[in-house]
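Single-structure report; data block below.
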Amino acid sequence: MIDRAHIDVLIELAGAGGSTTDPAEIAPHLHEWRDKFNGRTPLMLMPSDTETLSRLVSYCHKHRIAIVPQGGNTGLVGGGIPGLEGRDEVLVSLKRMTRILDVDAQDFSITAEAGAPVATLQAAAADADRLFPLSLASEGSCTVGGVISTNAGGVHVLRYGTTRALLMGLEAVLPTGAVVNSLSSLRKDNTGYNLAQLLAGAEGTLGIVTKATFRLYPPERQKHTCWLAVESPAAALSLLASLREATGDRVSAFELMPRVGLEMVFRHIPNTRDPLTAPYPWYVLTDVATSREDPGLAAALDAWLEARLEDGAILDGAIAGTVAQAQDFWRVRESMSEAQKHEGGSIKHDVSVPVSRVPAFLTRATEAIEQTYPGARVTPFGHLGDGNIHFNVMQPKDGDKQAFLNEWEGMNRLVHDIVTDMKGSISAEHGIGTLKRGELARLKGQHDLDAMRAIKAALDPHNIMNPGALFG
C-alpha cells in the first residue's frame with residue numbers, strides 16, 4: 002500500500018481541488034467501458050497546470066510511487082486503469098486541464114491542453130473555419146493526451162492519417178518530473194530526436210502529455226455520404242480503389258460492415274433504421290469530400306455510382322440528401338460496438354493488415370473461428386480504407402457468457418497468429434495496455450522489444466510511469 006504520509010504530501014502539492022480520496026469520486030475512473038478491467042487506488046490527482054504536475058511527478062519519482070495517467074477513460078485495453086494485478090498506483094487525471102490555448106487559422110494549427118476533449122478541438126477549429134479531422138465514436142469524451150498516448154485513428158485515417166500524423170509538437174512531464182517542451186507548429190525542424198513522436202503511442206509509459214499542437218485543414222465544404230450494399234469484402238475493396246480514382250482521391254472515410262452487425266444495431270439501438278429496403282451481406286459507408294464547392298465532384302460520383310450499379314459491384318445504395326440523413330447513416334456505424342454489448346459476451350480483436358489483404362484475412366480468420374469455436378458469431382467491421390478491422394466475435398446464441406469469455410486468450414492467439422502471418426498488427430488503434438502485453442512479448446521482434454525497453458529505462462529509471470502497460 003502507498004504510505005499515508007506520501008498521500009498527505011501529494012494532496013498538499015496538488016493544491017485546492019487538485020486531489021480526492023473519496024471512493025465515490027474515484028470510482029468512475031476505475032472501470033473501462035466494456036467492464037473487462039476494474040482497478041483500485043487510494044488517491045486521484047487532478048493537477049490544473051504543468052508546474053503542479055511536475056512537482057507531483059518529481060515527488061513520485063523520488064519516492065518511487067507508481068503513476069497511471071488517464072485522459073477521458075475511453076480506453077479498451079487496460080492502459081489507463083490503476084491498481085490492476087494488485088499494483089499500488091496513484092491515478093493522475095488531466096480532466097482539469099481543458100483549455101484551447103491557440104487556434105491559428107493562417108498557420109493551420111491548434112494548441113490545447115491535454116484534458117481537452119477531441120470534440121472541443123473540432124468545434125474550436127470550425128469556429129476558425131478550419132477542420133480538425135480526427136473523428137471517432139468517443140470524440141465527446143476522449144482527450145488530447147489520451148489520443149496522443151494511444152495514437153488514436155478513427156474514420157478519417159485514409160485521408161488525414163492517425164493522431165501521430167496530425168501531431169506537430171507537445172509539452173510533457175517526464176517520469177523524473179522534468180518538463181520537455183517541443184510545443185511548436187513548425188513543419189520543418191531537424192534538431193535531433195522528435196520527442197513528440199516518441200511519446201505518441203507510448204501509452205503514458207514515457208511521460209504525461211500536458212499540451213499539444215496539431216495541424217488543421219481547410220473545412221470540407223462539400224461532402225457526399227453514401228451507403229452502399231455489396232456482396233463481399235473483396236467487392237468493397239475494388240470499390241475503394243475505383244472510387245479514389247473517380248473522385249481525384251477525395252475519399253475521406255470508407256467503412257465496412259456486415260449484415261449481422263447491422264441487425265444487432267437495429268435490435269438494440271433506438272432510432273436507428275436500415276437505409277435500404279432489402280438486406281444484403283455487406284455494406285460500405287463512405288464520405289467523399291472537398292474543401293471547395295465543386296459541381297464536377299458530384300457529377301463524377303454520380304457517374305461512378307451508375308457504372309458500379311450497372312456492372313453489379315454495388316447491389317443497392319443510398320446517398321444522404323441532408324446533413325441529418327448523413328448523421329443517421331453514421332449513427333448506425335458508430336453504434337456497432339454499443340449494440341454488441343447487448344448480445345452477450347464479445348471477444349475483441351483490434352487488428353490491421355495491408356489494405357489489399359483485408360478480404361483474405363476476413364475469410365481466413367472467420368473460417369478458423371467457426372471451425373474452432375462452433376456457434377460463435379463473427380462480427381467484423383471497421384476502417385477498410387486503412388486496413389484496420391475490429392474483428393469481434395460474439396458468443397453463440399443462448400450460450401454461456403462467462404464460458405465464452407474464458408476463451409479470450411486462446412481466441413486472441415488464433416487471430417493474432419493469422420494477422421502476424423499476413424504482415425499485420427495486433428493493435429491497430431487501441432494500444433497494448435495490459436490486455437495485449439503477453440501477445441506483444443510473444444509476437445514483437447526481440448530486438449524491437451529490447452530497443453523499446455532501453456528507451457523506457459533511460460527516461461523512467463524507477464519504472465514508475467504506467468508500469469503495467471506494454472511490458473509489465
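In our numbering, each number is its position in the sequence shown, counted from 1, plus 1. Built from N, CA and C at the ideal position, the CB exists for glycine as well.
Can you tell me which residues form a DSSP beta bridge with residue i?
i, result
"C227", "T287, I320"
"I209", "V174"
"H32", "N39"
"N182", "E172"
"T144", "P118"
"G136", "As written in the sequence, residue 136 is Ser, which differs from the Gly given in the question. BP columns for S136 are empty, so no partner."
"I101", "A113"
"L92", "M45, V69"
"A20", "The residue asked about is misnamed: residue 20 is Ser in this sequence, not Ala. According to DSSP, which records beta bridges pairwise, S20 is partnered with L46."
"Y218", "L132"
"M466", "I68"
Take residue i and list the residues in its own chain whose beta-carbon comes closer than 7 Å to its own, dropping the five residues that flank it on each side.
i, result
"V359", "P234, L238, L385, G388, I390"
"I465", "C61, H62, R65, I66, A67, I68, P176"
"L444", "H417, T421, I427"
"A290", "E221, Q223, K224, R251, S253"
"D292", "According to the sequence shown, residue 292 is Ser rather than Asp. Once the five neighbours on either side are set aside, the close Cβ partners of S292 are P219, P220, E221, R222."
"E86", "G469"
If you follow the alpha helix (DSSP H) that residue i is part of, which residue opens it and which one closes it?
i, result
"Q493", "What the structure shows of the chain is the stretch from 2 to 473, and residue 493 is not part of that stretch, so it cannot be assessed."
"Q403", "402 to 406"
"Q123", "119 to 128"
"S59", "51 to 64"
"E440", "438 to 444"
"E430", "Where E430 is concerned, there is no enclosing alpha helix (DSSP H), given that its DSSP letter is neither H nor E."
"D461", "No alpha helix (DSSP H) contains D461, which DSSP labels as neither H nor E."
"S233", "No alpha helix (DSSP H) holds S233; DSSP gives it neither H nor E."
"Y161", "158 to 161"
"D275", "Run containing D275: none; DSSP gives neither H nor E here."
"D9", "5 to 15"
"L167", "164 to 167"
Closer than 6 Å by C-beta to residue i: which residues in its own chain qualify, once you throw out the five before and the five after it? Chain order, please.
i, result
"F362", "V354, M423"
"L441", "I433"
"S150", "E204, G205"
"L44", "I8, T22, V91"
"S186", "D108, S110, M169, T214"
"G346", "Q396, K402, F405, L406"
"G202", "N152"
"M412", "I348"
"G383", "N389, I390, H391"
State the start and end residues of the unbroken beta strand (DSSP E) segment that holds residue i.
i, result
"G70", "The sequence as given places Pro at residue 70; Gly does not occur at that position. Segment 67 to 71, the beta strand (DSSP E) holding P70."
"A254", "252 to 259"
"T112", "110 to 114"
Given residue i, which residues of its chain have a CB within under 8 Å of its CB, disregarding the five upstream and five downstream residues?
i, result
"A369", "L415, V416, I419"
"W283", "A230, V231, E232, S233, P234, A236, A237, L257, M258, P259, R260"
"T484", "Here the chain covers residues 2 to 473 and nothing more, so residue 484 does not appear."
"V10", "Y60"
"T53", "L14, A15, G16, G19"
Quick check: does the Cβ of residue i come within less than 8 Å of any heavy atom belonging to the ligand MN?
i, result
"R160", "The ligand content of the structure shown is nil, which means the ligand MN is not present either."
Point to revise | Every unbroken beta strand (DSSP E) within the segment 288 to 358, with a cutoff of 3 residues, ordered by chain | key: Here the runs fully enclosed are 317 to 320, 351 to 353.
Check your understanding: Would you call the segment 29 to 46 and the segment 75 to 95 in contact, with 3 or more CB pairs under 8 Å?
Key -> Enough Cβ pairs lie closer than 8 Å, so yes.
Practice item. Identify every run of the alpha helix (DSSP H) within the segment 367 to 419, keeping only runs that are complete inside it and at least 4 residues long; order them along the chain. Key: Whole alpha helix (DSSP H) segments, 4+ residues: 402 to 406.
Review point. Quick one: any contact between the segment 319 to 328 and the segment 222 to 233, if contact means 3 or more CB pairs under 8 Å?
Key: The segment 319 to 328 vs the segment 222 to 233: in contact.
**Study point:** Meets three-Cβ-pair contact criterion under 8 Å: the segment 125 to 143 and the segment 157 to 170
**Key:** Using a C-beta cut-off of 8 Å, the segment 125 to 143 makes contact with the segment 157 to 170, since at least three inter-stretch Cβ pairs fall below that distance.
Check your understanding: Are the segment 372 to 380 and the segment 446 to 457 touching, with three or more C-beta to C-beta distances below 8 Å?
Key -> Pairwise C-beta distances place the segment 372 to 380 out of contact with the segment 446 to 457, as fewer than three of them are shorter than 8 Å.
Point to revise | the segment 451 to 458 contacting the segment 396 to 412, beta-carbon criterion three pairs below 8 Å | key: The segment 451 to 458 is not in contact with the segment 396 to 412.
Check your understanding: Counting pairs of Cβ atoms below 8 Å between the segment 215 to 223 and the segment 162 to 169, do you hit three or more?
Key -> Contact between the segment 215 to 223 and the segment 162 to 169 is present, because at least three Cβ pairs lie under 8 Å.
Review point. Is the segment 336 to 352 touching the segment 265 to 273, taking contact as three or more C-beta pairs under 8 Å?
Key: In short, these stretches touch, since the Cβ pair count reaches three.
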